[in-house]
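This report concerns only the one structure given below.
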Amino acid sequence: MSVSTFSSDFVHTALIQMGANQIKVVSGKQMVITFDLGNGLDLVYVLSVSNENKCFVQRARPYPMVHGKFASTEEILPFIERDYHAFLNARNSRNYGTFVDVARKTLALTQKMEELFITHNLSPEDLALLHAQCDQMDALMNEVAHRSPEIYCEL
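The numbering used here puts the first residue of the sequence shown at 1, with every later residue one more than the last.
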């Protein structure tokens, strides 16, 4: 697959039809796609085409989240469409702001963990404490997921 496959008129048109209100092509190998969720909220993706003709997808807003490499537009477009519709639905929740805050705090903790690990010589005991706290958070998330009703988004 050629690099142009990811920046073609087809992809641009499909994203506009999906609801994207702004698409910027940067140096031919990167696209910044913005969806307006309403009420001043944006959903922003960055698509970067690698030298191996794979497309790396990252959500930049409302919080950064790496979604990995996709082999084709046939994989990317359905992913973005599902994600966009999920956020359209989620933005209506009275808990949306709190959710985004929690997501951002979680990302900040990941960055803080990395900084701690690469700048300090942590003892095995401290690493075990941090690991146990991560296990507790994982268990809590599983418990919350189990008791919370699942949301299905219609495309």
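Positions of the beta carbon are idealized from the N, C-alpha and C atoms, including for glycine. Owing to the predicted nature of the structure, the values given are computational and were not obtained by experimental measurement.
Within 8 Å, strictly: CB atoms of Cys55 and Phe35 = no
Pull up the distance between the alpha-carbon of Val44 and that of Ser148, whole angstroms please.
-> Roughly 27 Å separates the two Cα atoms.
Expressed to the nearest angstrom, what Euclidean distance is found between the alpha-carbon atoms of Arg91 and Glu81?
-> 15 Å
DSSP state of Ala128, grouped into three classes?
-> Of the three classes helix, strand and coil, the one that applies to Ala128 here is helix, per DSSP.
Using only alpha-carbon positions, find the residue among Leu88, Val46, Asp42 that is nearest to Gly28.
-> Val46
Report buried or exposed for Met137, applying the criterion of at least 16 other Cβ atoms within 10 angstroms of its Cβ.
-> exposed
Of all the alpha helix (DSSP H) runs that stay within the bounds of the segment 73–137, which reach a length of 4 or more residues?
-> 73–90, 96–119
Test item: CB-CB of Ala24 and Val11 under 8 Å | Checking the sequence, you will find Lys at residue 24 rather than Ala. Cβ distance not < 8 Å, so Lys24 and Val11 don't count as in contact.
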